[in-house]
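Asks: Structure provided below as structure tokens; questions to follow.
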Amino acid sequence: MKDPRIIQQTKHLLLDIAGIASFVVLFFKHLFTRRFEGKEFINQCYRAGYQSLLLISVTAVILGLVLTIQIRPILADLGAEAWLPNMVFISVVTEMGPVIFSLLFAGKVGSGIGAELASMRVTEQIDAMEVSDTYPFNYLVVTRVMAATIVLPLLVFYGDFLAFIGSFIGLKAYSEISFPLFFSRAFSEFYFRDIFPATIKTIFFGYFIGIISSYMGYFSSKGTEGVGKSANAAVVASSLVVFMLDLLAVQITDLLLF
Amino acid sequence: MTNNLIVHISDLKKAFSGSVVLDGITMELHEGENLVILGQSGTGKSVIMKCIVKLMEADEGQINVFGTEMTNCSAKELSSVRSRIGYLFQEGALYDSMNVRENLLFPVLRNKESRKKSIKELTELAEFHLENVGLIEAIDMMPAELSGGMKKRAGLARTLMLSPELIIYDEPTTGLDPYRTEAISDLIVQIQEKYNTSSLIITHDIKCAKITGNRLTVLHDGKLIANGSFESLSGDKQPEVQLFFK
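Residue numbers (this note's numbering), protein chains in the order written: chain R, 93 to 350; chain Y, 21 to 266.
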């Protein structure tokens, strides 16, 4: 028997997917045909980047520390402790860093974008921009998506570096390893092919976090209740898409590079 | 007031999820006229206005604004019509992240014509309009620091920045005390006289309607059921009309 709720939810899901696809088209159309809002773009970069630094910093150091502390005894048992810096660094740079920092970014910045745009929709601020012929899509969406696309890879680089430092602190607590030795071991088996796919996929993560969060906020409805729902939907949908893109990226990297 | 038609709506219909909100609205607004649409909450007054500026699409009917058919106009035509309309939203719709000065400068800095002016000239223009609505002291304040009436006045100053020929007022006195209701209503009349604009005012406040309207029309159950001056409508026998005059 067909459950009407499942049919309704499927319909909503398909409509959202179509809506996001048309939002992507609209984004590129506005990016190349309308005036670029440079000042607002810089403001959004500041908000997305600088204001996420503390969260990324704390998480990155803990990530490096925890990974090192947990893996060290296993590698020590196998007599392969010297491989620890390289193992931690590669796992952080290629996989854990991009995914974990992107999820944090979706939680902090994505929810903020969703809630802010939804609130502007509910209080008719977006309508006011449209009526005064000022292209709100350009000012509100293009700037936020561009900021998320550019800032997230930079945050991931920064987070990777701090995780590296965290890993050194974790190892230093148990051994007398010097920083130059730790550094050379970390980079001993590290190649361009490790960092290139990770950076590319992070750009896509940032772009889709920006697009999905903006979409959820821009088309919010149902008053103040809608603001909360938009923020929530922005985080859930962005996080899910990060995992799906990551799976896709791993497959493509595997096919192309190995 | 002249005989030139600014807005002409014929047989406008709009429904949401099967529920009919507007059922064959026909009305017109002349140049220099202040037309008040009276109606209880939820009768679709705002929907008419949003269809006029194409924030919503009409299901059926024609809407002609400044000679442009809005139901099938191009993006360029829509942009041209919108640049001649000012819209004062119910709560002012000030942009939260900007102070009053930035709110006023936002549309003019993105308008092809006014962008040619220097920042100094535009700032002076903003100060001039804020002076006119009695809000010059709030120029550097954020929207969150303003009262309901101040937000509406700041919103009105923002709509004046683009020198509109038609101003749409969406419930301009809702949520205000009687003193502020009268002040805002007087301001609407002053603006109309000073800038020679035409106005569409939607309200359920009879005091505001009396002060501002040259002509009143009453919306009930998706239909316009009465039309005329304040005096003629006050003598109308229909209970839905009398409801406002009690």
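Even glycine gets a Cβ: it sits at the ideal position worked out from N, Cα and C.
Name the chain Y residues that come within less than 8 Å of glutamate 317 (chain R), Cβ to Cβ?
Replies: Per Cβ cutoff of 8 Å: no residues; glutamate 317 (chain R) is ~18 Å from chain Y at best.
Asks: In chain Y, which residues lie with their C-beta within 8 Å of the C-beta of threonine 215 (chain R)?
Replies: Result: Glu111, Ala113, Asp116.
Asks: So, is glutamine 212 (chain Y) buried or exposed, given that buried needs 16 or more other C-beta atoms within 10 angstroms?
Replies: Under this definition glutamine 212 (chain Y) is a buried residue.
Asks: Which residue from Y:Arg235, Y:Met181, Y:Leu98, Y:Tyr189 puts its Cα closest to that of threonine 88 (chain Y)?
Replies: With distances taken between Cα atoms, threonine 88 (chain Y) lies closest to Y:Leu98.
Asks: For methionine 90 (chain Y), which residues in the same chain have their Cβ closer than 6 Å to its Cβ, ignoring the five residues on either side in sequence?
Replies: So the list reads Lys74, Ile83, once near-sequence residues are dropped.
Asks: Anything in the stretch 187–216 of chain R with a Cβ closer than 8 Å to a Cβ of chain Y? List those residues in chain order, please.
Replies: Cβ contacts with chain Y come from Ser211, Met212, Thr215, Glu216.
Asks: Which residues, taken in chain order from the stretch 62–93 of chain Y, show a beta carbon closer than 7 Å to some beta carbon of chain R?
Replies: So the close ones are Val73, Leu75.
Asks: Could you pull the DSSP bridge partners for methionine 47 (chain Y) from this structure?
Replies: DSSP, once it has assigned bridges, lists Y:Ile29 as partnering methionine 47 (chain Y).
Asks: According to DSSP, is valine 167 (chain R) helix, strand or coil?
Replies: Note that residue 167 (chain R) corresponds to leucine in the displayed sequence, not to valine. In the structure shown, leucine 167 (chain R) sits in a helix (DSSP, three-state: H, G or I).
Asks: Could you list which residues in chain R have their beta carbon closer than 7 Å to that of leucine 182 (chain Y), in chain order?
Replies: What leucine 182 (chain Y) touches in chain R: Ser224.
Asks: If the cut is a Cβ gap below 7 Å, which residues of chain R does phenylalanine 126 (chain Y) touch?
Replies: Ordered by position in chain R, the residues that pass the 7 Å Cβ test against phenylalanine 126 (chain Y) are Thr226.
Asks: Report back the beta-carbon spacing between isoleucine 187 (chain Y) and threonine 223 (chain Y) to the nearest angstrom; my notes put them in contact at under 8 Å.
Replies: Incorrect: roughly 14 Å between the Cβ atoms, too far for contact.
Asks: What does isoleucine 26 (chain Y) reach in chain R if we use C-beta pairs closer than 8 Å?
Replies: Correct list: empty, because the minimum Cβ distance to chain R is about 16 Å.
Asks: Does any residue of chain Y have a CB that is nearer than 8 Å to the CB of alanine 113 (chain R)?
Replies: It does not: the Cβ of alanine 113 (chain R) has no partner Cβ on chain Y nearer than 8 Å.
Asks: What is the rounded straight-line gap between the Cα of phenylalanine 120 (chain R) and the Cα of arginine 104 (chain Y)?
Replies: If you take the alpha carbons of phenylalanine 120 (chain R) and arginine 104 (chain Y), they lie about 29 Å apart.
Asks: With 8 Å as the threshold, decide whether the Cβ of alanine 220 (chain R) is near any Cβ in chain Y.
Replies: Judged by the 8 Å Cβ criterion, alanine 220 (chain R) is in contact with chain Y.
Asks: Can you give me the C-alpha to C-alpha distance between methionine 221 (chain R) and lysine 132 (chain Y), rounded to a whole angstrom?
Replies: Their Cα atoms are separated by approximately 15 Å.
Asks: Output needed for threonine 193 (chain Y): all residues of its chain with C-beta closer than 6 Å, excluding positions within five of it in sequence on either side, in chain order.
Replies: Thr201, Ile204, Asp225, Cys228.
Asks: Based on the DSSP secondary-structure assignment, which residues constitute the bridge partners of glutamate 89 (chain Y)?
Replies: Beta-bridge pairing links glutamate 89 (chain Y) to Y:Asn84.
Asks: If you follow the beta strand (DSSP E) that serine 249 (chain Y) is in, where does it begin and where does it stop?
Replies: First-last for serine 249 (chain Y): undefined, no H or E at that position.
Asks: Can the beta-carbon of threonine 241 (chain R) be found closer than 8 Å to that of glycine 298 (chain R)?
Replies: It is a contact, given that the beta carbons lie within the stated cut-off.
Asks: Name the DSSP bridge partner or partners of arginine 235 (chain Y)?
Replies: For arginine 235 (chain Y), which the question treats as bridged, DSSP gives the partners Y:Leu55.
Asks: Aspartate 338 (chain R) by DSSP, collapsed to three states: which one?
Replies: If DSSP states are grouped into helix, strand and coil, aspartate 338 (chain R) belongs with the helices.
Asks: Assuming the contact rule is C-beta atoms closer than 8 Å, alanine 255 (chain R) and valine 201 (chain R) should be a hit. Round their C-beta distance to whole Å, please.
Replies: The Cβ separation is near 20 Å, so there is no contact.
Asks: Which residues does DSSP list as the beta-bridge partners of threonine 275 (chain Y)?
Replies: Absent from the model: residue 275 (chain Y). The displayed extent of chain Y is 21 to 266, so no value can be given.
Asks: Could you tell me which of R:Ile304, R:Phe271, R:Phe335, R:Asp286 sits nearest to leucine 105 (chain R), measuring between CA atoms?
Replies: Looking at the Cα atoms, R:Ile304 is the closest of the given residues.
Asks: Nearest by alpha-carbon distance to glutamate 216 (chain R): which of Y:Gln258, Y:Arg130, Y:Phe109 is it?
Replies: The option with the nearest alpha carbon to glutamate 216 (chain R) is Y:Phe109.
Asks: Whole angstroms is fine: what's the gap from leucine 49 (chain Y)'s alpha carbon to glycine 169 (chain Y)'s?
Replies: Distance between the alpha carbons of leucine 49 (chain Y) and glycine 169 (chain Y): 27 Å.
Asks: Can you list, in chain order, the residues of its chain with a C-beta nearer than 7 Å to that of threonine 345 (chain R)? Leave out the 5 residues immediately preceding and following it.
Replies: The answer, listed in chain order, is Pro289.
Asks: Would you mind reading off the limits of the alpha helix (DSSP H) that contains aspartate 206 (chain Y)?
Replies: Where aspartate 206 (chain Y) is concerned, the enclosing alpha helix (DSSP H) stretches over 198–215.
Asks: Should serine 322 (chain R) go down as buried or exposed, given a rule of 16 or more other Cβ atoms within 10 Å for buried?
Replies: Label assigned to serine 322 (chain R): buried.
Asks: Just to confirm, is the Cβ distance from glutamine 143 (chain R) to alanine 239 (chain R) under 8 Å?
Replies: Against a cut-off of 8 Å, the Cβ pair of alanine 239 (chain R) and glutamine 143 (chain R) comes out as no contact.
Asks: For glutamate 20 (chain Y), which option in R:Ile99, R:Glu132, R:Val233 has the closest C-alpha, if you only look at C-alpha atoms?
Replies: The structure shown does not extend to residue 20 (chain Y), since chain Y is modelled only from 21 to 266, so the question has no answer here.
Asks: Since I believe alanine 278 (chain R) is in contact with phenylalanine 193 (chain R) (beta carbons under 8 Å), could you give me their beta-carbon distance rounded to a whole number of angstroms?
Replies: About 19 Å; that fails the 8 Å criterion.
Asks: To which residues does DSSP link phenylalanine 36 (chain Y) through a beta bridge?
Replies: Y:Ser39.
Asks: Any idea if proline 96 (chain R) is buried or exposed, counting beta-carbon neighbours within 10 angstroms, 16 or more meaning buried?
Replies: Classification of proline 96 (chain R): exposed, given that the 10 Å Cβ count is below 16.
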